[in-house]
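Protein chains in written order, with the working numbering: chain A, 16 to 254; chain B, 16 to 254; chain C, 16 to 254; chain D, 16 to 254; chain E, 16 to 254; chain F, 16 to 254. Idealized CB from N, CA, C, for every residue including glycine. Comments concern the structure below.
Number of protein chains: 6
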Amino acid sequence: MTATPREDGRADDELRPITITRNWLDHPAGSVLIEFGKTRVLCAASASEGVPRWRKGSGLGWVTAEYAMLPASTNTRSDRESVKGRIGGRTHEISRLIGRSLRAVIDYKALGENTIQIDCDVLQADGGTRTAAITGAYVALADACAKLGTTSALTGSVAAVSVGIIDGVPRLDLPYVEDVRAETDMNVVMTGEGKYVEVQGTAEGAAFDRAELDLLLGLAEKGCADLTRMQQAALSTDG
Amino acid sequence: MTATPREDGRADDELRPITITRNWLDHPAGSVLIEFGKTRVLCAASASEGVPRWRKGSGLGWVTAEYAMLPASTNTRSDRESVKGRIGGRTHEISRLIGRSLRAVIDYKALGENTIQIDCDVLQADGGTRTAAITGAYVALADACAKLGTTSALTGSVAAVSVGIIDGVPRLDLPYVEDVRAETDMNVVMTGEGKYVEVQGTAEGAAFDRAELDLLLGLAEKGCADLTRMQQAALSTDG
Amino acid sequence: MTATPREDGRADDELRPITITRNWLDHPAGSVLIEFGKTRVLCAASASEGVPRWRKGSGLGWVTAEYAMLPASTNTRSDRESVKGRIGGRTHEISRLIGRSLRAVIDYKALGENTIQIDCDVLQADGGTRTAAITGAYVALADACAKLGTTSALTGSVAAVSVGIIDGVPRLDLPYVEDVRAETDMNVVMTGEGKYVEVQGTAEGAAFDRAELDLLLGLAEKGCADLTRMQQAALSTDG
Amino acid sequence: MTATPREDGRADDELRPITITRNWLDHPAGSVLIEFGKTRVLCAASASEGVPRWRKGSGLGWVTAEYAMLPASTNTRSDRESVKGRIGGRTHEISRLIGRSLRAVIDYKALGENTIQIDCDVLQADGGTRTAAITGAYVALADACAKLGTTSALTGSVAAVSVGIIDGVPRLDLPYVEDVRAETDMNVVMTGEGKYVEVQGTAEGAAFDRAELDLLLGLAEKGCADLTRMQQAALSTDG
Amino acid sequence: MTATPREDGRADDELRPITITRNWLDHPAGSVLIEFGKTRVLCAASASEGVPRWRKGSGLGWVTAEYAMLPASTNTRSDRESVKGRIGGRTHEISRLIGRSLRAVIDYKALGENTIQIDCDVLQADGGTRTAAITGAYVALADACAKLGTTSALTGSVAAVSVGIIDGVPRLDLPYVEDVRAETDMNVVMTGEGKYVEVQGTAEGAAFDRAELDLLLGLAEKGCADLTRMQQAALSTDG
Amino acid sequence: MTATPREDGRADDELRPITITRNWLDHPAGSVLIEFGKTRVLCAASASEGVPRWRKGSGLGWVTAEYAMLPASTNTRSDRESVKGRIGGRTHEISRLIGRSLRAVIDYKALGENTIQIDCDVLQADGGTRTAAITGAYVALADACAKLGTTSALTGSVAAVSVGIIDGVPRLDLPYVEDVRAETDMNVVMTGEGKYVEVQGTAEGAAFDRAELDLLLGLAEKGCADLTRMQQAALSTDG
């Protein structure tokens with residue numbers, strides 16, 4: 016099976032153009048507008064004193080996340096979850112994924128009894144919103160920790176990327192047009208040191224074998240390393 | 016009672032810097048990022064065929080609106096209404112106000128059996144979010160009508176502004192620091208021709224007399240006329 | 016445009032027959048059945064010690080209100096909001112309006128850390144239910160303050176009335192048949208001293224100009240003054 | 016164990032003063048304000064064409080009921096179920112009881128594909144609200160059937176009363192002060208012909224034996240017969 | 016009217032085969048799988064320290080119950096109430112019945128400030144699920160009290176059974192096929208000493224007279240006595 | 016780091032005792048009680064004609080799944096989601112995983128416009144409930160397809176198992192005591208032919224490297240192959 020070239024002309028192992036704009040908002044301790052091509056996610060990290068009740072008196076901090084899409088962010092307008100009165104399974108799932116991913120690089124003790132609430136709101140969706148959210152949220156979190164004076168609460172960095180097999184060809188960072196056609200779809204979250212935090216692979220059509228899995232893991236490793244460098248570059252300038 | 020000058024140095028009858036960015040999103044028929052100073056609202060107008068069930072077969076179109084604030088848009092993070100599972104009274108009230116204001120300049124017959132759904136999402140809040148939303152939504156609506164080929168569905172334009180009395184002095188376009196101190200707070204929606212669509216005045220502290228009401232109405236008329244000019248300027252360029 | 020005379024034979028600046036029956040219930044501190052023609056609203060003021068959490072320790076009291084319509088109060092039966100599991104925007108909006116209107120004449124310090132909960136339940140609806148609710152609720156509130164021994168918590172009185180333009184003619188206190196035909200509809204809440212607490216004007220069809228606005232404000236002033244006299248008369252008898 | 020006399024001086028087998036006011040509302044097809052002493056319930060019967068989906072095309076009608084208490088109807092104010100966003104178990108239970116009781120005397124075929132919706136709203140509660148609701152709702156239902164021209168849809172009448180054992184003495188029609196002290200509490204719904212529609216007996220404290228049950232059934236029979244006569248008297252006048 | 020024999024060949028006053036399996040679960044203090052023929056209910060009694068807020072400091076314990084049906088337990092799959100987001104009236108009603116029935120044999124003082132939460136989950140439904148639930152829950156409750164070392168908190172036992180009139184014949188313990196045809200349906204909860212805790216009789220079709228009521232009460236008494244013996248037998252073995 | 020032996024004496028690559036009981040319920044087309052050690056999940060496959068609205072007229076079938084835990088299934092009782100009025104994120108996530116896993120082996124065309132609804136209710140939880148659910152649900156689905164006469168709708172089989180690293184040692188099929196201590200936790204769903212359907216790995220504590228990931232994938236492959244053989248054995252007997 017030969018794949019046609021990618022619509023946007025990228026190499027199979029190439030990310031879309033990535034931009035990371037820090038301090039996009041005035042109120043939260045950290046905020047980032049991150050773009051993976053046309054996908055645009057606003058990530059905010061709001062710090063507050065205290066922790067949820069079940070953690071009080073432990074001396075440990077907490078980090079949690081919520082993900083949502085604006086109604087007009089999608090191709091066809093989506094209904095607003097606040098109006099429907101309930102949060103869908105996909106939203107729940109992604110919010111939990113973002114929270115777990117960021118907590119993997121947090122030293123709760125160094126954070127002290129403070130909570131950092133991450134909000135990832137998708138302003139425009141073109142595939143890869145959850146991986147853009149994680150990648151941007153890490154930068155917002157780093158800024159929030161700096162502002163709190165607890166940079167030591169961060170034990171590393173995290174970045175995330177999607178990979179998939181389209182017409183038999185493994186590809187990095189899928190936009191919507193590729194995502195809907197992918198036989199297999201995987202989201203991978205890795206630390207800056209190249210270790211895995213989350214691996215979520217799903218056979219959309221046919222099941223995949225071990226060789227395909229290995230190819231996808233390799234692509235994801237390359238993409239996460241690229242994103243890590245971009246995060247570091249963004250954070251190395253004055254916020 | 017003498018008022019101290021405005022913190023941002025504006026004259027009492029002067030708007031904050033206003034920017035109107037059209038086509039901020041790729042998917043909806045019309046979209047505008049509007050800024051009233053630090054207040055930033057993303058307004059989208061999504062068009063779809065058909066109308067709600069109670070209107071089917073009438074030959075008439077429909078326009079409706081939803082307003083919401085991102086959690087990190089406010090000074091202190093607000094809880095997400097989708098997570099709370101219910102929409103608050105303030106959100107309901109503003110959504111209804113926006114919808115009524117826009118419907119005031121719609122010719123349902125010319126629109127045909129199409130629905131335009133307006134979404135106003137506050138990305139950053141610094142007072143006047145509902146008036147910025149109405150002013151921006153009108154521009155998004157105009158772009159959507161143009162794209163639908165039904166410009167004749169618009170019978171006029173609408174713009175909105177807040178006015179209030181602070182330390183006894185009537186002022187135009189209140190930012191948050193003035194809004195919380197206002198004795199009286201009024202939101203006024205006017206057509207481009209200078210007629211009233213909505214007048215909502217509230218005594219926050221002491222009740223206000225007719226003379227004060229008249230001063231506020233005058234200020235609002237000036238502000239809406241200024242905003243109308245800016246809307247026209249924004250729409251006169253290629254979208 | 017000449018208007019046909021009013022169906023009920025009233026002059027344009029004349030209220031419907033108003034009755035105020037105090038102590039209609041045995042349990043709450045104050046309770047009033049108020050009738051504006053066929054509109055019938057049961058207003059109860061229940062007093063309790065303590066205030067909401069965000070106000071504890073402030074030494075200040077609190078007044079809040081809830082408005083609702085019985086299912087069979089309307090022309091065609093309305094669905095019960097408890098059964099639907101959510102409160103509609105209109106209900107929210109009116110509950111908030113009633114609360115703000117009554118708080119305008121409350122001295123929180125004199126009330127002490129007590130809460131007065133106002134319930135306005137529409138038993139029969141024929142236009143003007145929110146203005147009847149405010150006018151009746153004030154009387155129930157006055158009775159509750161008297162029973163609590165904190166009459167000084169009331170700094171004045173409030174009354175409310177609707178006005179509108181029907182076939183070009185401004186009219187006072189619209190019943191349902193006039194309300195649905197009104198081009199412009201305004202609800203005005205005023206203190207007993209003739210100052211404004213709330214002005215809410217809405218163009219239902221065409222936008223209105225300043226001259227029309229002035230006429231409506233004049234009519235409302237007359238109506239509120241009449242209602243203030245009736246409130247005083249009702250309160251001057253033994254409860 | 017000797018019981019002290021009843022606080023209100025009634026004989027043990029005597030009903031409280033009962034009043035039945037027909038046509039208390041203008042809109043619904045039938046409406047009754049019923050009072051059992053201080054207990055005051057507004058019963059409305061709203062007729063509409065058509066039946067629920069699961070019954071369409073059957074040629075049969077439907078009768079359903081909803082019960083609710085106004086917040087200020089109780090000794091201490093109760094929270095509003097619409098605000099809580101969910102209906103409590105007690106409300107559900109009583110709504111279902113009222114519906115079943117009325118359906119026991121309905122000939123669905125004679126009703127045709129029409130629905131009668133019963134609303135029983137407790138304006139003031141002093142014990143026995145569900146039995147007052149059933150007794151009043153029957154009268155509202157009869158008026159609604161008459162207005163629909165389908166009197167033949169009624170195959171009989173129903174009335175309901177509470178009975179209980181207080182300090183060992185069986186008593187009829189318990190007000191709140193007796194209800195809270197009752198060892199056993201029973202609600203009985205009977206047809207005008209003296210047959211049982213519902214028997215719901217509950218041991219509040221100690222379990223009861225067969226002899227006590229028999230005494231309670233006898234009292235209830237007497238009470239329902241009295242109520243049936245009052246219903247007939249109310250319905251024999253012009254509505 | 017002569018009834019055809021029962022489909023399952025039982026005598027009219029005979030229970031279905033009953034099995035009571037204790038300790039079906041490892042985690043809760045008491046747990047029972049009870050079967051009334053094909054009806055299969057899993058009853059768990061979970062003990063925890065402390066009582067609801069309104070009971071704190073009273074020195075008294077609390078027992079409460081929740082009933083639910085698995086979606087696939089019924090003839091045709093039922094929707095899951097958690098997915099619908101609200102609990103139906105029938106579920107509420109039965110949960111409350113189970114709770115009241117068990118509390119009738121609890122000495123709150125002997126229980127101390129502990130709560131026992133009863134969960135009755137219907138795994139398979141074939142009529143009589145609520146009576147099976149009560150009968151099984153009593154055994155689970157007895158095991159939980161034993162494990163807590165507060166056997167004295169039980170002042171007696173309770174069992175429950177359904178009875179009904181089918182084709183004019185009173186019958187004990189109705190399976191689904193009889194239940195849907197019953198003219199009258201009654202659920203009776205009795206103590207081990209033969210006293211009544213709950214009597215809930217409903218005319219499904221025609222109202223019933225006193226003679227029929229008496230026959231049903233007699234049948235239920237027989238059935239509850241049989242069930243009480245089975246409960247005792249089950250509890251007399253080592254758990 | 017040396018791991019202590021497993022509490023239950025198993026080898027690191029050994030499954031817990033697995034039992035698969037078919038036809039545990041009478042009503043649904045397929046039903047299985049599956050046990051992974053103490054973990055006990057009731058899986059039902061209910062067939063119905065027709066498909067969701069968005070799929071009507073396509074000629075294609077649909078398979079969907081819901082997962083839930085009984086309150087008393089867990090170590091400490093969990094609150095019932097129907098009572099809380101909302102489904103938690105974990106429940107949503109697992110329901111979606113089960114649905115996707117089963118759909119991977121469904122030929123929608125061969126199924127025709129029929130829907131199979133899978134219900135997986137956890138009766139007792141001791142780790143690995145989602146993998147037990149998938150493994151059992153496949154067997155229930157196979158029985159349902161056989162009963163529908165559409166065995167050809169199944170294009171293969173699926174089984175699932177959890178693996179994790181405890182004290183540095185990779186282990187298969189974690190019970191609760193191991194699950195809470197695992198540094199890395201992975202759920203793997205595979206077809207009977209040894210291909211991957213889902214891979215979900217999560218670093219609970221430290222991130223994991225590629226070598227660890229490879230070890231876990233190997234263990235999972237072994238476990239899924241064992242489970243596939245047990246599924247085949249169960250299905251080879253008469254249902």
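Inset, instruction - Would you give the residue range spanned by the beta strand (DSSP E) that Val204(B) belongs to? - result: 199-206
Inset, instruction - Quick one: give me the first and last residue of the alpha helix (DSSP H) that Val192(B) is part of. - result: 191-194
Inset, instruction - List the residues that DSSP assigns as beta-bridge partners of Cys58(C). - result: Val47(C), Cys135(C)
Inset, instruction - Measuring alpha carbon to alpha carbon, tell me which of Thr146(B), Gly103(B), Asp158(B), Met84(B) ends up nearest Asp114(B). - result: With the sequence shown as reference, residue 114(B) is identified as Gly, and Asp is not the correct amino acid for it. Ranking the options by Cα distance to Gly114(B), first place goes to Thr146(B).
Inset, instruction - Measuring only between beta-carbons, confirm whether Thr217(A) sits less than 9 Å from chain F. - result: By this cut-off, Thr217(A) is an interface position.
Legend entry - Cβ shell of Gly151(F) (< 6 Å), same chain only, five flanking positions each side left out: Val47, Ile49, Val56, Cys58
Legend entry - Contact with chain I by Asn90(A), beta-carbon distance below 9 Å: The structure shown contains no chain I; the protein chains it does contain are A, B, C, D, E and F.
Legend entry - Residues sharing a beta bridge with Ala175(A), DSSP: Val204(A)
Legend entry - Opposing strand residues paired with Val184(D) [DSSP bridges]: Note: Val184(D) sits in a beta bridge opposite Ile181(D).
Legend entry - Rounded C-alpha distance that separates Ser177(E) from Ala221(D): 22 Å
Legend entry - Assigned secondary structure, Arg145(D) (DSSP; H/G/I helix, E/B strand, else coil): helix
Legend entry - Nearest-angstrom Cα separation, counted from Asp229(C) out to Glu213(C): 15 Å
Inset, instruction - Please confirm if Lys162(F) has its CB atom under 9 Å from at least one CB of chain E. - result: Under the Cβ distance rule, Lys162(F) does not count among the residues neighbouring chain E, no pair being separated by less than 9 Å.
Legend entry - Residues bridged to Ala8(E) [DSSP beta-bridge criterion]: With chain E running from 16 to 254 in the structure shown, residue 8(E) is simply not present.
Legend entry - As assigned by DSSP and simplified to three states, the class of Leu112(B): helix
Legend entry - 9 Å Cβ cutoff met for Met201(E) and Leu250(E): no
Inset, instruction - Taking 9 Å as the cut-off, decide whether the C-beta atoms of Met205(C) and Thr144(C) are in contact. - result: Result no, Cβ atoms of Met205(C) and Thr144(C) do not sit closer than 9 Å.
Legend entry - Same chain, Cβ closer than 6 Å to Asp122(D), neighbours up to 5 away in sequence not counted: Ala168, Thr170
Inset, instruction - Classify Asn129(A) as buried or exposed, calling it buried when 16 or more other Cβ atoms lie within 10 Å of its own Cβ. - result: Using a 10 angstroms sphere on the CB of Asn129(A), the tally of other CB atoms reaches 16 or more, which defines it as buried.
Inset, instruction - Quick one: using the 10 Å Cβ neighbour count with 16 as the cut-off for buried, is Val192(B) buried or exposed? - result: exposed
Legend entry - Interface partners of Arg111(E) on chain D, CB under 8 Å: Gly104, Arg105, Glu108
Legend entry - Enclosing alpha helix (DSSP H) for Gly238(F) [first to last residue]: Start and end: 225-251.
Legend entry - Outcome for Pro32(A) when other beta-carbon atoms lying within 10 angstroms are tallied against a minimum of 16: Taking all protein chains shown into account, Pro32(A) has fewer than 16 neighbouring C-beta atoms within 10 Å of its C-beta and is therefore exposed.
Legend entry - Chain-order list of residues whose beta-carbon lies under 8 Å from that of Arg95(D) (same chain, five-residue window excluded): Pro86
Inset, instruction - Under 8 Å by Cβ, that's how I've got Ile180(C) and Glu198(C) pegged, so tell me the actual separation to the nearest angstrom. - result: A Cβ-Cβ distance of about 5 Å is found for the pair Ile180(C) and Glu198(C), placing them in contact under the 8 Å criterion.
Legend entry - Beta-carbon proximity check, Gly100(A) vs Gly100(E), cutoff 9 Å: yes
Legend entry - Listed by chain order, chain A residues near Leu228(F) by CB distance under 8 Å: Tyr211, Val214, Leu232
Legend entry - Neighbourhood of Asp23(D) by C-beta distance below 8 Å, restricted to the same chain and skipping five residues each side: Arg31, Gly52, Pro190
Legend entry - Pair within 9 Å by beta-carbon distance, Ile133(C) and Glu81(C): With contacts defined by Cβ atoms closer than 9 Å, Ile133(C) and Glu81(C) form a contacting pair.
Inset, instruction - Evaluate Glu227(C) with the Cβ neighbour count: other Cβ atoms within 10 Å of its Cβ, from every protein chain shown; 16 or more gives buried, anything less gives exposed. - result: buried
Inset, instruction - Output, in sequence order along the chain, the residues in the region 147-181 of chain F whose CB is closer than 7 Å to any CB in chain E. - result: none
Inset, instruction - Could you tell me whether any Cβ in chain E is nearer than 9 Å to the Cβ of Asp224(D)? - result: Among the CB atoms of chain E, one or more fall inside 9 Å of the CB of Asp224(D).
Inset, instruction - Note down, in chain order, each residue of its chain lying with its Cβ closer than 7 Å to the Cβ of Ala125(D), except the 5 sequence neighbours on either side. - result: Thr165, Ser167, Ala168
Legend entry - Straight-line Cα distance separating Ala62(D) from His42(D): 10 Å
Inset, instruction - Enumerate in chain order the residues of its own chain whose CB-to-CB distance from Lys162(C) is below 8 Å, with the five nearest sequence positions on each side excluded. - result: If the five residues before and after Lys162(C) are omitted, its C-beta is found closer than 8 Å to the C-beta atoms of Ala44, Gly45, Ala62, all from its own chain and listed in chain order.
Legend entry - Contact set between Ala125(B) and chain C, taken where Cβ atoms lie within less than 7 Å: Those do not exist, as Ala125(B) stays about 16 Å from chain C at its closest Cβ, beyond 7 Å.
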